[in-house]
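At position 165 of the sequence shown the residue is numbered 949 (the numbering used here), and the sequence of numbers has no breaks.
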Amino acid sequence: MAPKLKIVVTPRSFGKSDPAPIELLASQGYEVVYNPYGRILTKEEMKGLLADADGVIVGVDPLDREVLAEAPGLKIISKYGVGTDNIDLKYAEERGIKVTLATGSNTEAVADFAFALMMAVARRVTVIDRACRDGIWKADAAIDVHGKTLGLLGLGAIGKAVARRASGFGMKVLAYDLFRDEATAAAYGIAYRDSIGDIVREADFISLHLPLDGKTAGIIGREQFELMKPTAVLVNTARGGADRRGCAARSAAGGTDLGGRASTCSRRSRPTIRRCSPSAT
Ligand SMILES: NC(=O)c1ccc[n+]([C@@H]2O[C@H](COP(=O)([O-])OP(=O)(O)OC[C@H]3O[C@@H](n4cnc5c(N)ncnc54)[C@H](O)[C@@H]3O)[C@@H](O)[C@H]2O)c1
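Printed below as a string of structure tokens:
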């Protein structure tokens, strides 16, 4: 009898809300190995699990050349999401390893989150929450989103989902993307701009929805922060690498008061709201 194909599944949320994917894998007679660590795996852990694996369903765990080189039997990488910055796509192609994406699987969830972060900063939700928990109850100036300009960096699936929400909130929406979707732009009143500089100069809120790759790493840096309005709010639910240096740059430039400028920054795919402070690297 031929040995069972081994499939490694790393995302902890896999099959949590619906057991169908787990049942499907089981019904195919695979040997399925679920993430035994309950967290994002390290390179060494990935190497260990993938040494004799045929396929992997992967979240944000590392699948760079070093890891893939130690997975000689790997035939398929199924990304549980859409961002491929943790996968060496070039090397996978050289090796003939197929890479698939779960396109659209988290589009609306990420758009909700981006919008929630923007609203949280605008209405100072976390600041007020913290103050209330400390027994402090005082009026606090907030920012309206209605009538404001939202600049979207990346108008793919998630950028468009955010644009749909913004149009319902009466925002003016600007977008920058390598490719233009004029039909969507017309449907939601989105105006394209030719450069990131145009977006960051005009926008009251800026939301990042670009993939992290060699062209977009650090795409929001000192120059872009200096072009922003002093009251601009930056939300990054894409990948931290797109603006991490930017946060540091703006801190260095001194624009760090949440009452004026504010940012939400993310590392990997887990955004948090925080000030851009000198310790925010
Ligand atoms: N926080 C999370 O949990 C989470 C979840 C899903 C996706 N993401 C991140 O969001 C990113 C976007 O997801 P999506 O589903 O909208 O992807 P998408 O492929 O639908 O959209 C990406 C858009 O970026 C544009 N683009 C790519 N490179 C560009 C460049 N150099 N300059 C200008 N435009 C460029 C593309 O043309 C495309 O329209 C993902 O790559 C991922 O990193 C984060």
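Note that beta-carbon positions come from the ideal geometry of N, C-alpha and C, so glycine has one too.
*Is it a yes or a no for the stretch 922-932 touching the stretch 976-985, going by three-plus beta-carbon pairs under 8 Å?*
no
Worksheet item: Cβ of His993 within 7 Å of any heavy atom in ligand 1?
Response: For the purposes of this step, residue 993 is taken as residue 209 along the sequence shown, with counting starting at 1. Correct: His993 has its Cβ closer than 7 Å to ligand 1.
For ligand 1, any of its heavy atoms closer than 7 Å to the Cβ of Leu958?
-> For this step, residue 958 is matched to residue 174 along the sequence shown. Answer for Leu958: no, Cβ out of range of ligand 1.
Review point. Smallest Cα separation from Ser889: which of Asp913, Ile871 and Tyr864?
Key: Taking the sequence shown and counting its residues from 1, the one referred to as residue 889 is at position 105. Checked all of Asp913, Ile871 and Tyr864; the closest Cα to Ser889 is Tyr864.
request  = For Ser991, count neighbouring Cβ atoms within 10 angstroms of its own Cβ and tell me buried if that reaches 16, exposed if not.
outcome  = To locate residue 991, count along the sequence shown from 1; it is residue 207. Counting Cβ neighbours within 10 Å, Ser991 comes out buried, since at least 16 surround it.
Practice prompt. Report whether the distance from the Cβ of Gly843 to the nearest heavy atom of ligand 1 is below 7 Å.
Written response: Here residue 843 refers to the residue found at position 59 when the sequence shown is read from its first residue. Because no heavy atom of ligand 1 lies under 7 Å away, the Cβ of Gly843 does not count as near it: no.
Return yes when the C-beta of Gly940 is under 7 Å from any heavy atom of ligand 1, and no when it is not. On the sequence shown, position 156 is the one that residue 940 refers to. Yes, Cβ of Gly940 sits closer than 7 Å to a heavy atom of ligand 1.
* Asked: Should Gly839 go down as buried or exposed, given a rule of 16 or more other Cβ atoms within 10 Å for buried?
  -> Counting from 1 along the sequence shown, the entry for residue 839 is found at position 55. Gly839 is buried by the Cβ-count criterion.
Per-residue DSSP class, three states only, for Glu815: For the purposes of this step, residue 815 is identified with residue 31 of the sequence shown, where counting begins at 1. Strand.
Problem set entry | Beta-bridge partners of Ile860, as assigned by DSSP | By one-based count along the sequence shown, residue 860 stands at place 76. The partner list for Ile860 (beta bridge, DSSP) reads Gly839 and Lys882.
For Ile974: DSSP bridge partner residues
To locate residue 974, count along the sequence shown from 1; it is residue 190. Its beta-bridge partners are Val957.
Quick check: is any heavy atom of ligand 1 less than 7 Å from the C-beta of Lys999? By one-based count along the sequence shown, residue 999 stands at place 215. Yes, the beta carbon of Lys999 sits closer than 7 Å to at least one heavy atom of ligand 1.
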